[in-house]
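Number of protein chains: 2
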Amino acid sequence: MSDLDFHDHDHSACRATLLRAAEQRCRDKGLQLTPVRRRVLELLAEGHRAMGAYEVLDLLRAEGFGSQPPVAYRALDFLVSNGLAHKIERLNAFIACALPGSRHAPVFLICTGCGTVAETHLDLGDGRLGEIADRAGFEIGRAVVEIEGRCPTCREAA
Amino acid sequence: MSDLDFHDHDHSACRATLLRAAEQRCRDKGLQLTPVRRRVLELLAEGHRAMGAYEVLDLLRAEGFGSQPPVAYRALDFLVSNGLAHKIERLNAFIACALPGSRHAPVFLICTGCGTVAETHLDLGDGRLGEIADRAGFEIGRAVVEIEGRCPTCREAA
DNA sequence: CCTTTCGTGTTATATTATCACATACGCCGA
DNA sequence: TCGGCGTATGTGATAATATAACACGAAAGG
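The listed protein sequences derive, respectively, from chains A and B. 126 is the number that this note's numbering gives to position 126 of the first sequence; each next residue is one higher, with no gaps. Each number in this note's numbering corresponds to the 1-based position in the second sequence with 158 added.
Structure representation (structure tokens):
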């Protein structure tokens, strides 16, 4: 199985793995994976798709957490800042990081048919984007790479 | 001079070139480069930077065009749909296309120091991103590639 | 002349995101 | 033990970004 799959993998296992990795990471870095933060990560992992901040907020509210936007945004910011989740700019939505620990730039393949988002990583230092930046004397910080198109399943359906 | 420069180029010339290219393109494709649309493209070209929709709207309003958001959004949508401008998702802002006519995916280098945005293009079909998509059986549609970092000038200053 | 299409304009509203301030809790040094 | 400090949570209010829905007018084509 590739690291880049759209539909066929053990979803509950990846959710558990992901949460364990997050706990580990927070222990290592001295970060607090508080109840709200942990729950938001779980929601993203359970949903296994890009979710809007207000969608997350609705779920939090229903579970007795704070009900105002900053509650969701702060938890999401924490997760994103610490590499546990990503924001998909194109969708104004958030998704659990599928490959925690990787130091490469995340790349998202977004299916316009079913909305599924697959994550992989790319080493920017080397390759075309690296060349482009080097030639321009540009020092790369963070990168947003989001590709819209059709996943294998939706291609077959069409 | 590279096609990817941050600060040193003939700005008024590029603005004129850009407008001429837009007129040409609209003639060829049977599109209407109406006064609002043309003016918005000019504003983006004159600003030579990413501008928010409401910033554009304020300028339009001051010049006697309609004063409500759809006026700006519609003109911007037209320009983006027809390859005359791009939306920088990361900034929720718009910029004139610096390389009109190119059929490759636009790549933006965004300087976090001075806010300057440089545009270049990348052929996705071939290269790493193409490989990634191929391996996953993913059919590439449109791509968002936005790299934040520091331009040469801001690196020297630091 | 009539109809259709497209573009513009308006009002109203939806969606996404942040500010500002209050409270609580743990830690740690005085 | 207590006070100060940093951090996290919660709140109400508001900002920033974007779209829906509808009216009008101009141009094209029968």
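C-beta atoms are modelled at their ideal positions from N, C-alpha and C, and glycine is treated no differently.
Buried versus exposed, by CB contacts within 10 Å (16 or more), Pro-106/A: buried
Segment contact flag, the segment 242–257 of chain B with the segment 203–219 of chain B, C-beta cutoff 8 Å, min 3 pairs: yes
is_contact[Phe-108/A, chain B] using C-beta, thresh 7 Å: no
Members of the segment 76–100 of chain A near chain B, C-beta cut-off 8 Å: Glu-89 and Arg-90
Three-way DSSP call (helix, strand, coil) for Cys-269/B in this model: strand
Delimiting residues of the beta strand (DSSP E) encompassing Ala-211/B: Run containing Ala-211/B: none in the beta strand (DSSP E); it sits in the alpha helix (DSSP H), 211–220.
Status (buried if at least 16 other CB within 10 Å, exposed otherwise) for Ala-13/A: exposed
Of the listed residues Ala-45/A, Gln-68/A, Val-117/A and Arg-135/A, nearest to Leu-91/A (C-alpha basis): Val-117/A
C-beta neighbour in chain B for Val-144/A, strict 7 Å: yes
Residues of the segment 32–48 of chain A with Cβ closer than 7 Å to any Cβ of chain B, in chain order: none
Exposure of Ala-96/A, with buried meaning 16 or more beta-carbon neighbours within 10 Å: buried
Contact between the segment 189–196 of chain B and the segment 233–243 of chain B (3+ Cβ pairs under 8 Å): yes
Minimum Cβ-Cβ distance from Glu-23/A to chain B less than 7 Å: no
Buried versus exposed call for Gly-30/A [16 or more other C-beta atoms within 10 Å across all chains shown]: exposed
Leu-122/A - containing alpha helix (DSSP H), residue span: Unbroken run through Leu-122/A is the beta strand (DSSP E), 117–122; no alpha helix (DSSP H).
Chain A within 7 Å of Arg-286/B, Cβ atoms only: yes
Beta carbon proximity, Gly-141/A to chain B, threshold 7 Å: yes
Own chain, CB closer than 6 Å to Ser-225/B, minus 5 neighbours either side, in chain order: Arg-219
Residues, ordered as in the chain, of the segment 302–316 of chain B that lie near chain A by beta-carbon distance below 7 Å: Val-302, Val-303, Glu-304, Ile-305, Glu-306, Gly-307, Arg-308, Cys-309, Pro-310 and Arg-313
Whether Leu-79/A touches Ala-45/A by CB criterion (7 Å): no
Of the listed residues Asp-10/A, Arg-38/A, Glu-148/A and Gly-125/A, nearest to Phe-108/A (C-alpha basis): Glu-148/A
Cα-Cα separation, Glu-289/B to Phe-65/A: 43 Å
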